[in-house]
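Residue numbers (this note's numbering), protein chains in the order written: chain C, 1 to 128; chain H, 129 to 812.
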């Protein structure tokens with residue numbers, strides 16, 4: 001067992017699960033989407049990105065790319081939240097909430113690709 | 129058990145010594161296939177490479193390289209163990225990413241924990257109601273606190289619980305930032321990282337070179353002199369040297385361009401490839417290091433990897449010179465050998481030598497003073513090393529008497545073998561130091577006409593010259609300066625002839641590379657006799673002054689001289705253009721050299737240029753006269769000022785200027801006027 005692989009797999013999966021946890025629920029209902037869950041998703045996604053730094057293989061490059069996409073989507077969702085909550089006159093209404101959740105949905109797709117890559121890597125490693 | 133030893137014939141023994149030959153009669157040769165000739169019977173309708181057939185001749189390389197891109201090593205290529213070398217292109221960014229992984233994760237975690245804690249810490253509004261500041265405000269506060277900006281406590285003054293958490297956060301975030309920045313800075317100062325960066329920058333710049341450039345391997349005194357002169361011409365070069373200080377001089381010294389330099393061992397072909405040996409714009413390779421073996425390795429790499437490139441190599445040893453000449457046709461410059469040749473030329477034809485050394489010294493050199501070494505009498509040569517050997521050989525060949533002074537002379541047999549002379553005709557060799565009065569007495573210094581100080585120590589050479597001059601002030605003195613730093617000392621001695629090995633090599637390489645015709649001129653000129661050389665020296669001095677300005681080629685081709693092509697050969701331009709141009713006159717206007725060099729401002733004046741050589745159909749005419757008629761595709765070698773060079777360029781390119789210079793009539797320069805004039809032509 002390799003501790004580095006454990007940590008890497010842990011964070012990749014955790015990023016996907018956090019993201020899913022935030023995403024699940026009625027898209028326009030603010031009560032079903034916790035801001036702390038989004039915060040955790042952003043933090044875990046950032047850590048995952050940094051963990052993927054410096055791998056020069058092709059699969060490593062795609063890994064990094066998926067993480068960067070997830071970061072971008074999640075940070076965009078956060079900015080929309082902050083804008084709706086603090087700046088916008090209409091507040092955190094159904095429209096704002098749905099765009100936040102759909103942005104995180106995009107990040108979820110990227111995270112799922114990341115997980116698929118992880119699985120592919122693991123399977124091909126065993127075959128070798 | 130060994131087979132019993134059996135007496136063998138001479139022929140069997142010979143074949144044993146030459147294992148490649150088969151004993152017995154050779155096969156009846158029907159016809160011997162020459163290399164490159166196609167196989168008999170011809171394989172038709174088949175791809176020879178695909179059928180695993182024996183492919184020979186010119187198709188062989190094509191077939192081999194179809195399978196192998198690089199074509200460097202025989203056998204299968206590629207794979208993880210391949211010797212291709214790792215891709216150095218994107219190394220630095222990956223290095224940064226990998227090293228920064230831990231500090232960045234630490235920073236993210238610290239930020240996440242402190243922001244989260246601050247968002248949850250119980251606060252109060254001024255009215256005393258409980259309030260939590262929320263994640264966004266907490267992130268804002270943490271960001272400015274961590275970066276030590278500190279805007280204060282927002283949105284409301286903090287409660288003690290919030291302040292406690294802030295205290296912990298401040299220390300944590302400062303540690304996180306310090307760790308991350310520290311790692312980044314130490315990485316930037318890391319030697320390996322900087323090397324990776326330098327290498328990457330160098331490779332990029334060499335790859336991006338789009339103009340012809342020289343590859344100078346060995347950037348010592350010779351290389352630097354050549355590089356600076358080359359840069360002054362406005363051309364590019366790439367330098368490779370193992371000494372970091374030599375490459376750093378590229379950044380310290382003044383250059384017009386910014387030549388790329390690599391600190392690496394030039395005898396390693398990989399480094400030469402990095403420096404652009406395989407670049408199609410590489411013009412020539414110069415092996416200018418101090419080490420003969422390295423120069424040989426460079427010559428070899430260049431001959432094998434780019435057989436089409438000219439190579440100029442420097443060496444001071446005759447055996448190495450032979451080894452170098454085995455690799456294609458490199459130009460090998462041995463400064464001692466060249467000095468001997470110069471001495472012979474100076475003895476035999478002093479005026480030619482004067483012109484030769486003036487032109488070879490390049491732009492900005494002063495006209496050498498007249499004067500020639502005494503061609504009769506006794507020469508004293510101090511120091512019999514590689515230099516002394518060349519000089520003594522050349523002096524003897526010119527029929528002069530020579531006395532050699534050497535503290536550690538070789539035996540007579542050795543000397544005879546080296547100089548290729550019978551033992552009784554050998555020059556007199558005196559054991560001893562040349563500065564001792566008795567030794568100078570024995571060498572008959574009072575009767576001598578010439579003196580050569582040729583040891584490999586500058587101090588010895590200077591004191592030898594001083595001692596000899598005190599005894600005989602009329603001596604013609606030639607000296608050898610080994611270190612470039614002693615230049616001022618030798619200049620103060622006012623020698624008649626001075627050997628600086630670095631200078632000789634740099635000058636010859638420059639003359640060969642800068643102007644292709646110049647070297648041919650220098651080779652052919654001495655055969656033309658003394659009067660021609662004297663006349664040329666005077667002509668250059670009269671028109672261009674005491675200092676040589678520039679020497680350049682003028683190619684009178686339709687491409688290089690479009691404005692003159694019609695005058696040189698009326699068939700080469702379109703009839704319409706011809707008609708327009710010769711509006712006022714009939715018949716062909718013959719263009720002479722004198723016409724070409726008229727001043728575009730006032731055609732009765734002459735441009736300050738001197739034609740040195742005219743090359744027509746591979747035949748060279750030295751110092752062509754002004755009434756020589758010019759033809760299309762002639763090439764001229766000219767000396768003159770830089771202003772004259774620009775004027776001449778205008779004559780070659782601008783039709784209006786060319787017409788004025790050749791015929792004296794003004795031609796409208798603009799398109800509109802040209803058409804208006806053209807309409808008034810009688811025949812259109």
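Just so you know, even glycine gets a beta-carbon here, dropped at the ideal spot from N, CA and C.
The residue from H:299, H:316, H:387 with its alpha-carbon nearest to that of residue 332 of chain H is H:387. Residue 242 of chain H sits close to residue 297 of chain H, with the two beta carbons spaced by under 8 Å. Around the CB of residue 50 of chain C, 16 or more other CB atoms lie within 10 Å, so the residue is classed as buried. Our two residues, residue 679 of chain H and residue 374 of chain H, have alpha carbons roughly 29 Å apart in a direct line. In this structure the region 419 to 426 of chain H does not touch the region 606 to 614 of chain H; the number of beta carbon pairs closer than 8 Å is below three. Nearest Cα to residue 115 of chain C within the set C:45, C:83, C:79: C:45. By the neighbour-count criterion, in which a residue is buried when 16 or more other Cβ atoms sit within 10 angstroms of its Cβ, residue 282 of chain H is exposed. Annotation for residue 604 of chain H: the continuous beta strand (DSSP E) segment containing it runs 604 to 608.
When DSSP states are grouped into helix, strand and coil, residue 255 of chain H belongs to the coil group. Per DSSP, residue 391 of chain H is one residue of the beta strand (DSSP E) stretching across 389 to 391. For the pair of segments examined, the region 61 to 75 of chain C was found to touch the region 108 to 122 of chain C: the number of CB pairs separated by less than 8 Å reaches three. For residue 54 of chain C, the chain H residues whose C-beta falls within less than 7 Å of its own C-beta are 222, 225, 226, 229, listed in chain order. With 16 or more other Cβ atoms inside 10 Å of its own Cβ, residue 627 of chain H counts as buried. Within the model, the alpha-carbon separation for residue 322 of chain H versus residue 316 of chain H is close to 7 Å. For residue 31 of chain C, no beta strand (DSSP E) encloses it, and the DSSP letter there is neither H nor E. Under the three-state reduction of DSSP, residue 518 of chain H is assigned to helix. Three or more Cβ pairs closer than 8 Å define a contact, and the region 753 to 763 of chain H falls short of that threshold against the region 664 to 673 of chain H. Just so you know, the alpha carbons of residue 248 of chain H and residue 262 of chain H end up roughly 7 Å apart.
Within the region 391 to 460 of chain H, complete alpha helix (DSSP H) segments of at least 4 residues are found at 397 to 402, 420 to 433, 446 to 453, given in chain order. Residue 415 of chain H places its beta carbon 8 Å or farther from that of residue 474 of chain H. Within the region 15 to 46 of chain C, the residues whose Cβ lies closer than 9 Å to some Cβ of chain H are 35, 36, 38, 39, 40, 42, 43, 44, 46, listed in chain order. Scanning H:409, H:404, H:410, H:449 for the CA closest to the CA of residue 425 of chain H turns up H:449. Taking C-beta atoms as the reference points, residue 59 of chain C and residue 14 of chain C fail to come closer than 8 Å.
Interface annotation, residue 236 of chain H: in contact with chain C, CB-CB separation under 8 Å.
Nearest in C-alpha terms to residue 515 of chain H, of all of H:790, H:696, H:584, is H:584.
With respect to the 8 Å criterion, residue 284 of chain H and residue 54 of chain C are not classified as neighbours on the basis of their beta carbons. Taking every protein chain shown into account, the CB of residue 22 of chain C has 16 or more other CB atoms within 10 angstroms, so this residue is buried. Counting C-beta pairs with one atom in each stretch, the region 648 to 655 of chain H and the region 449 to 467 of chain H have fewer than three that are closer than 8 Å, which means they do not touch. When secondary structure is reduced to three states using DSSP, residue 286 of chain H falls in the coil class, being assigned neither helix nor strand. Counting only unbroken stretches of 3 or more residues, no beta strand (DSSP E) element lies wholly within the region 55 to 103 of chain C. When Cβ-Cβ separations below 8 Å define contact, residue 306 of chain H makes no contact with chain C. If you check the CB distance, residue 392 of chain H and residue 370 of chain H come in under 8 Å. Nearest Cα to residue 486 of chain H within the set H:790, H:793, H:675: H:675.
When only Cα atoms are considered, residue 105 of chain C and residue 342 of chain H end up about 58 Å apart.
DSSP places residue 385 of chain H in the coil class of the three-state scheme, outside both helix and strand. Beyond the five residues adjoining it in sequence on each side, residue 461 of chain H comes within less than 6 Å, by CB distance, of 442, 633, 636 in the same chain, given in chain order.
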